[in-house]
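Student:
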Amino acid sequence: KAGVTQTPRYLIKTRGQQVTLSCSPISGHRSVSWYQQTPGQGLQFLFEYFSETQRNKGNFPGRFSGRQFSNSRSEMNVSTLELGDSALYLCASSFRLDSYEQYFGPGTRLTVT
Amino acid sequence: AQKITQTQPGMFVQEKEAVTLDCTYDTSDPSYGLFWYKQPSSGEMIFLIYQGSYDQQNATEGRYSLNFQKARKSANLVISASQLGDSAMYFCAMRAESGGSARQLTFGSGTQLTVLP
Numbered sequence: 001k002a003g004v005t006q007t008p009r010y011l012i013k014t015r016g017q018q019v020t021l022s023c024s025p026i027s028g029h030r031s032v033s034w035y036q037q038t039p040g041q042g043l044q045f046l047f048e049y050f051s052e053t054q055r056n057k058g059n060f061p062g063r064f065s066g067r068q069f070s071n072s073r074s075e076m077n078v079s080t081l082e083l084g085d086s087a088l089y090l091c092a093s094s095f096r097l098d099s100y101e102q103y104f105g106p107g108t109r110l111t112v113t
Numbered sequence: 114a115q116k117i118t119q120t121q122p123g124m125f126v127q128e129k130e131a132v133t134l135d136c137t138y139d140t141s142d143p144s145y146g147l148f149w150y151k152q153p154s155s156g157e158m159i160f161l162i163y164q165g166s167y168d169q170q171n172a173t174e175g176r177y178s179l180n181f182q183k184a185r186k187s188a189n190l191v192i193s194a195s196q197l198g199d200s201a202m203y204f205c206a207m208r209a210e211s212g213g214s215a216r217q218l219t220f221g222s223g224t225q226l227t228v229l230p
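Heads up: the protein sequence lines correspond to chains A and B, in order. Residue numbering for the first sequence follows the working numbering, starting at 1 and increasing by one per position. Residue numbering for the second sequence follows the working numbering, starting at 114 and increasing by one per position.
(1) With a threshold of 16 other CB atoms inside 10 Å of the CB of B:Phe125, please say whether the residue is buried or exposed.
(2) In whole angstroms, what is the alpha-carbon distance linking A:Leu21 and B:Lys183?
(3) To the nearest whole angstrom, what separates the beta carbons of A:Ala92 and A:Tyr103, a pair I think is in contact under 8 Å?
(4) Please decide whether A:Tyr100 counts as near chain B, where near means a Cβ-Cβ distance under 7 Å.
(5) Take A:Gln36 and list the residues in its own chain whose beta-carbon comes closer than 7 Å to its own, dropping the five residues that flank it on each side.
(6) Which whole-angstrom value describes the C-beta separation of A:Ser74 and B:Gln217, a residue pair presumed to lie in contact below a C-beta threshold of 8 Å?
(7) Taking just the CA atoms, how far does A:Gly105 sit from A:Gly3?
(8) Measuring from the CB of B:Gln121, is there a heavy atom of the ligand GDP at a distance below 6 Å?
(9) Can you give me the C-alpha to C-alpha distance between B:Arg176 and A:Arg15, rounded to a whole angstrom?
(10) Ignoring anything shorter than 4 residues or poking outside the region 73 to 100 of chain A, list the alpha helix (DSSP H) runs there in chain order.
(11) Going by DSSP in three states, B:Asp139 sits in which element: helix, strand or coil?
(12) Please name the residue or residues paired with A:Arg109 in a DSSP beta bridge.
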C-alpha cells in the first residue's frame, strides 16, 4: 500500500509569489490534514479536510488556503509569500475524521527568498 | 486550549539501554488522545504509539511503551533496548476527542534523541 505522497519535495520561491503544494493520501483515506513546521514555532496545524469540506482551520492568515478533491487529494495554496513562510509543510491522512492513526507524508520544504 | 510540554531538548542514551522521554500536557477536554511521533532527519513523521485518556492500561507497541499518569498529566515515552536507528526527534502530541471538539493534533517542541554506540 503506497504511503502519503507530497509534491514537490523541495521548492524555492521569491517573496510575493504564490505556491501550491499537493498531497495524495493513502488509498481509501478520506481525511487530510496540513501542518507547518518551523524551527521557531514548531509544528502548527493549518487545516483539515474530509469529503471535500474543510472541517477545521488553524490560526493562520487568509493567505493560506486549501481544498480537497473528490479523490481525496488535497492542495494547499499560499499567496503573497513572506520570508516567514519558509517551512516544512507536512500532510497527514487518516481513514476517518476520528481515526487516531494519522499517516504523514515526507513533507514539502519551502524556502522563500 | 491544549498544551504539550517537552522539557528535554536533547537526550543521549547508550545503545541497548532504555530511555524515557518526558511529556506533560494540559487540557480542559474530558476525552483526549495522546500520541508519540518520531521524526528522522528525512522529515517524515512516523506514528509510534497512542493512548486514549480513558484507557485503563498503558499502551505498548513493540519496544515503545507509554507511561500514562493521568493525575499528573504526564505521558512519557519509554524506549527499551535502544538502537542506533532510534536516533531522531521525538514529538509528543495530543488531540481532543470529545464530541464537537476540534480534532487537530497539538505538538510539543520535541526531544532530539541520540543513541550512542
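Virtual Cβ for every residue (Gly too), placed ideally from N, Cα, C. Source: prediction; values computed, not measured.
Tutor: In this structure, then:
(1) Indexing the second sequence from 1 puts residue 125 of chain B at position 12. Exposed, because fewer than 16 other Cβ atoms sit within 10 Å of the Cβ of B:Phe125.
(2) One-based indexing of the first sequence puts residue 21 of chain A at position 21. One-based indexing of the second sequence puts residue 183 of chain B at position 70. Approximately 39 Å, taken between the alpha carbons.
(3) Position 92 of the first sequence holds residue 92 of chain A. Position 103 of the first sequence holds residue 103 of chain A. Confirmed, about 6 Å.
(4) In the first sequence, residue 100 of chain A corresponds to position 100, counting from 1. Chain B contact via Cβ: present.
(5) What you label residue 36 of chain A is simply residue 36 of the first sequence in a count that begins at 1. For A:Gln36, where only same-chain residues beyond five positions count, the Cβ hits under 7 Å are Gln44, Leu46, Ala87, Tyr89.
(6) Your numbering for residue 74 of chain A matches position 74 in the first sequence. Your numbering for residue 217 of chain B matches position 104 in the second sequence. About 15 Å; that fails the 8 Å criterion.
(7) Residue mapping note: residue 3 of chain A aligns to position 3 of the first sequence, counting from 1. Residue mapping note: residue 105 of chain A aligns to position 105 of the first sequence, counting from 1. If I take the Cα positions, the gap works out to 7 Å.
(8) The ligand GDP is absent from the structure shown, which contains no ligand whatsoever.
(9) Here residue 176 of chain B is taken as the residue at index 63 of the second sequence, counted from 1. Here residue 15 of chain A is taken as the residue at index 15 of the first sequence, counted from 1. Between B:Arg176 and A:Arg15, the C-alpha separation is close to 45 Å.
(10) none
(11) Here residue 139 of chain B refers to the residue found at position 26 of the second sequence. B:Asp139: strand per DSSP, three-state reduction.
(12) The sequence position of residue 109 of chain A within the first sequence is 109, counting from 1. DSSP, once it has assigned bridges, lists A:Tyr10, A:Leu88 as partnering A:Arg109.
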